[in-house]
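When the letters of the sequence shown are read in order and numbered with mature numbering (1 follows the signal peptide of the UniProt record, and there is no 0), they come out as residues -29 to -1, 1 to 426.
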Amino acid sequence: MLHTFYGRQKRRPFLGLLLLFIFFRPSAARSCQGERWGRLHEALLEASQEEYLENFSPAMFELTQYEIFEWFKANYRDCVEGLLSMVLYLSLIMDERRASLLDLASRAARELNPLALRSGQSTWPFFGLLEQLQLVWQAGQHAAPLLTDPWRLPPSCRKGPSALHPFRKGKENLGGLAAAWGWTGPSPVEDFANHSVLRLARNLPPGSLLIDAGVFDGTDWSLMGILAGATVIGFEPLLENRKLIDDRLPVRLSEYDQTSAHTFLHIEPGEAVPRLDWKSVFTEGSRAGHSYIMTAALGERVRALNMTTRYDYSSISDQGYLTGPPNMQVEEIAMTTLDDTIGPYLPFDHIDLLKLDVEGYEMGALRGAEGLLADGRIRFLVMEFHPGMLGSSGTDPEGLLHFLHHYCFRCFSLKIEQMQSFRDFVARYVTPAATPLQGLGELEDLICENLAFGA
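What follows is the structure, given as structure tokens:
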């Protein structure tokens, strides 16, 4: 019977079982559904009474029997918040194991939405102890802080209101974005949905420069840039994704009667740019309609790091604490910056379109482009705005919007009907409905124009 491990004499085996508990990978289901999770919730409510904060409550004692505990172990991902509450309670009872239990709770907490944890959106007992954990959204020793203030460089424009604008058709509403969107004259994007952000890539003039940060398989942004006749500079650090590019991008191009049009440029971990000279790759006449894909991630500085793939997911923002079973794939990758790439290696003076989809590390990528931003050399930006993922890298979502505003970007949302302050806009994403404990909640693409470009 597992409950014998909870006695004051025998506790060490329990920690080993909890390690299995944290890192087992059962199938996902609706959060905290079922009779046993209900019993655990009731038992923890009883255990939260003062008389049971020194010794196990009868209900919790019953739930530590072997068969029941095995069920919780096998199904913990169905109710991570239930597990987290259970471990936090045990940390109160087992004084000499408290540090280890809190570390385990931190590992369990990374399964949950950092914004939801921060705002205490849970009915489970003992969530008041969360402040003692080293959670992903706190960064701490695990992730490099990506603070958005103070600004490192002065802007090159007079700033407008600190607000998100609704995306409405018409030059009077969108300014230069109207033409880039294909709404001011004939363009190849007429068959696209009005709200498809890929219009910006497909409508680029031949010879434009498109940065595709987070290429994945290349069949969206890189494909559209190639078809437009642009030079696409992609950043894709993962080998498995680059294999997908080799497999899928030529197939999609063949649908448009085009041959393969991509080249990988290897960057050694710890180095800023490829060792291969750009002039030997970029031959005369090759600029239009080709994707040159750097084997690196974009970030705030040049460095080497280990990138882990977990549950078919990977993110720079998870590095340092994304650990688990020994069969997880770990790949050493390079990180570079746009400031080290555009100009010093690539002979371009500006970026026509920057697309950022780097799973929560957008602030890092932008920090590494502050020289370009301060000089007004990035015209359009499309960025995935995902507050739950931004929180996992220590980024304040509202601070990110102020950062872009500082560098003269006017940003538009496809989901609002009228102008909203940054604070009100971000508040949409931290409601209980928008930030579930399990899952990372709502997201959208922001479309931004640099008002200082060409000034």
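Where a beta carbon is used, it is the ideal one built from N, C-alpha and C, also for glycine.
C-alpha gap between residue 139 and residue 308, whole angstroms | 33 Å
In chain order, what residues of the same chain have a beta carbon less than 6 Å from the beta carbon of residue 200, not counting five sequence neighbours either side?
-> 177, 259 and 260
First and last residue of the uninterrupted alpha helix (DSSP H) at residue 62 = 51 to 64
Excluding the five sequence neighbours on either side, which residues of its own chain have a C-beta within less than 8 Å of the C-beta of residue 249, listed in chain order?
-> 316, 317 and 318
Taking residue 421 as part of the beta strand (DSSP E), name the residues at either end of that continuous run.
-> 415 to 421
Which parts of the stretch 324 to 368 are runs of the alpha helix (DSSP H), unbroken and 4 residues or longer, counting only runs that do not cross its ends?
-> 333 to 338, 341 to 345 and 358 to 363
Nearest-angstrom Cα distance between residue 193 and residue 366?
-> 27 Å
For residue 306, which three-state DSSP category applies?
-> strand
Grouping DSSP H, G and I as helix and E and B as strand, with all else coil, what is residue 237?
-> coil
May I have the straight-line CA-CA distance separating residue 128 from residue 238, to the nearest angstrom?
-> 35 Å
Would you say residue 328 and residue 185 are within 7 Å of each other, going by their C-beta atoms?
-> yes
Near residue 383, what residues of its chain come up, given a Cβ to Cβ distance below 6 Å and the 5 sequence neighbours on each side ignored?
-> 136, 138 and 418
Give the range of the alpha helix (DSSP H) segment to which residue 395 is assigned.
-> 393 to 398
When burial is assigned at 16 or more other CB atoms within 10 Å of the CB, is residue 47 buried or exposed?
-> buried
Whose C-beta lies closer than 6 Å to the C-beta of residue 58 among residues of the same chain, with five residues either side of it excluded?
-> 72, 75 and 76
Residues of its chain near residue 112, where Cβ-Cβ distance is below 6 Å and the 5 sequence neighbours each way are ignored = Interpretation of residue 112 is limited by its pLDDT of 35, a score under 50 that renders its predicted location unreliable; no figure is taken from the coordinates.
Less than 8 Å between the CB atoms is what I'm expecting for residue 416 and residue 369, so what's the real figure, rounded?
-> With 8 Å as the limit, residue 416 and residue 369 do not qualify as a contact, their Cβ atoms being about 18 Å apart.
Within 10 angstroms of the Cβ of residue 252, are there 16 or more other Cβ atoms? Answer buried if so, exposed if not.
-> exposed
Given that a residue counts as buried once 16 or more other Cβ atoms are within 10 Å of its Cβ, and exposed if not, what is residue 24?
-> exposed
If you draw a straight line from the alpha carbon of residue 123 to that of residue 147, how long is it in whole angstroms?
-> 27 Å
Please classify residue 427: does DSSP put it in a helix, a strand, or coil?
-> Here the chain comprises residues numbered -29 to 426, so residue 427 is not present and cannot be evaluated.
Hey, how far is the Cα of residue 182 from the Cα of residue 65?
-> 53 Å
With 16 as the cutoff for other CB atoms within 10 Å, does residue 166 come out buried or exposed?
-> exposed
Residue from 134, 6, 28 and 26 with nearest C-alpha to residue 388 | 134
What beta strand (DSSP E) runs, 3 residues minimum, are completely inside the stretch 176 to 200?
-> 180 to 184
Roughly how many angstroms separate the alpha carbons of residue 209 and residue 340, rounded to a whole number?
-> 22 Å
Nearest to residue 359 (by Cα), restricted to the options 203, 236 and 406 | 406
Residues of its chain near residue 30, where Cβ-Cβ distance is below 8 Å and the 5 sequence neighbours each way are ignored | 10, 13, 14, 17 and 18
Which first and last residues belong to the alpha helix (DSSP H) in which residue 31 is found?
-> 29 to 33
Can you list, in chain order, the residues of its chain whose CB lies under 7 Å from that of residue 63, leaving out five sequence neighbours each side?
-> 24
Would you be able to state if there are at least three C-beta pairs under 8 Å between the stretch 393 to 401 and the stretch 32 to 42?
-> no
Can you tell which of 154, 180 and 189 has its C-alpha closest to the C-alpha of residue 170?
-> 154
Does the beta-carbon of residue 364 have 16 or more other beta-carbons within 10 angstroms, so that it is buried, or is it exposed?
-> buried
For residue 212, which residues from the same chain have a beta carbon less than 8 Å from its beta carbon, with the 5 sequence-adjacent residues on both sides left out?
-> 186, 187 and 188
Proximity winner among 41, 60, 80 and 143, relative to residue 52 (alpha-carbon distances) | 80
What do you get for residue 207, buried or exposed, if any count of 16 or more other CB atoms within 10 angstroms of its CB means buried?
-> buried
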